[in-house]
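Using the working numbering, the first residue of the sequence shown is number 70, and each one after it goes up by one.
We put the beta carbon where it would ideally sit given N, CA and C, even for glycine.
Fair warning: this is a prediction, and the values are worked out from it, not measured in the lab.
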Amino acid sequence: MSLLMGSIVVVAILFFVFEMLRRQKLREKYAVLWIVIGIGTLLLSAFPSVLEKASGLLGIQVPANLLFIMTLVLLVGVCLHLSREQSQAEDEVRILCEEVALLRADLADVRHRLKAVSTSGEEPENGQ
Numbered sequence: 070m071s072l073l074m075g076s077i078v079v080v081a082i083l084f085f086v087f088e089m090l091r092r093q094k095l096r097e098k099y100a101v102l103w104i105v106i107g108i109g110t111l112l113l114s115a116f117p118s119v120l121e122k123a124s125g126l127l128g129i130q131v132p133a134n135l136l137f138i139m140t141l142v143l144l145v146g147v148c149l150h151l152s153r154e155q156s157q158a159e160d161e162v163r164i165l166c167e168e169v170a171l172l173r174a175d176l177a178d179v180r181h182r183l184k185a186v187s188t189s190g191e192e193p194e195n196g197q
C-alpha cells in the first residue's frame, strides 16, 4: 500500500512539474532536475531491493536511513545551486543598475546641453 501511495505522490509531483514547465513558470534546467528526481524515486519505490542492497553495501542497517541521507545530500546540493544562481542574479542586477545610472547621467547631460543651446540660439556642435 505504501508503494502505491508513494508512486501516486511522485506521479502527482511530476505532473505538477510538467504543468509548471508548460505554463513557463519553471525553467527547463530546473524541470530536468525534478523529473530526474521523480523518476529515481519511482524506480526506488518500484524496486525497494535496490535500496536494501545499497544500504547493505554502505553498512547502513535501515534502508530508510539511506533514503534520508540521499535526500539530505540532494537538498543541500539544490540549496547550494540556488544560492549560486541567486548570487549571479544579484551581480547582474547590480551591474544593470550601474549601467542605468550611467545612462541616466548621460541623458541628463544631453538634456542640459540641448536646453543651453536652445536658450542661447546656437547650433549644437557635432559629437557633443
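Proximal residues to residue i (C-beta, below 6 Å), its chain only, five neighbours per side dropped
| i | result |
| --- | --- |
| Pro132 | Leu120, Glu121, Ser124 |
Contacts around residue i, its chain only, beta-carbon distance under 8 Å, and the 5 residues preceding and following it disregarded
| i | result |
| --- | --- |
| Ala138 | Correcting the residue identity first, residue 138 is Ile in this sequence and not Ala. Only Ile129 meet the Cβ criterion. |
| Leu143 | Ile106 |
Rounded separation between residue i and residue j - CA only
| i | j | result |
| --- | --- | --- |
| Leu127 | Leu135 | 9 Å |
| Cys148 | Leu165 | 25 Å |
| Val145 | Leu102 | 14 Å |
| Lys184 | Leu171 | 20 Å |
| Arg92 | Val78 | 21 Å |
| His198 | Arg173 | The shown model of the chain, from 70 to 197, leaves out residue 198, and the question about it has no answer. |
| Lys94 | Asp160 | 23 Å |
| Arg182 | Leu176 | 10 Å |
| Glu168 | Val162 | 10 Å |
| Arg96 | Glu88 | 12 Å |
Cβ pair residue i, residue j closer than 8 Å
| i | j | result |
| --- | --- | --- |
| Leu113 | Ala100 | no |
| Ile104 | Val80 | no |
| Gly111 | Ser152 | According to the sequence shown, residue 111 is Leu rather than Gly. Their beta carbons are not under 8 Å apart, which means Leu111 does not touch Ser152 by this criterion. |
Own chain residues within Cβ distance below 7 Å of residue i, not counting five before or after
| i | result |
| --- | --- |
| Gln82 | A small correction: the amino acid at residue 82 is Ile; Gln does not occupy that position in the sequence shown. Hits under 7 Å: Gly107. |
Of the residues the options, the one placed nearest residue i, counting alpha carbons only
| i | options | result |
| --- | --- | --- |
| Glu154 | Leu171, Arg182, Lys98, Pro117 | Lys98 |
| Leu72 | Leu143, Glu168, Pro117, Gln93 | Pro117 |
| Gly109 | Glu88, Leu95, Thr140 | Thr140 |
| Met74 | Arg96, Ala115, Glu88, Ala158 | Ala115 |
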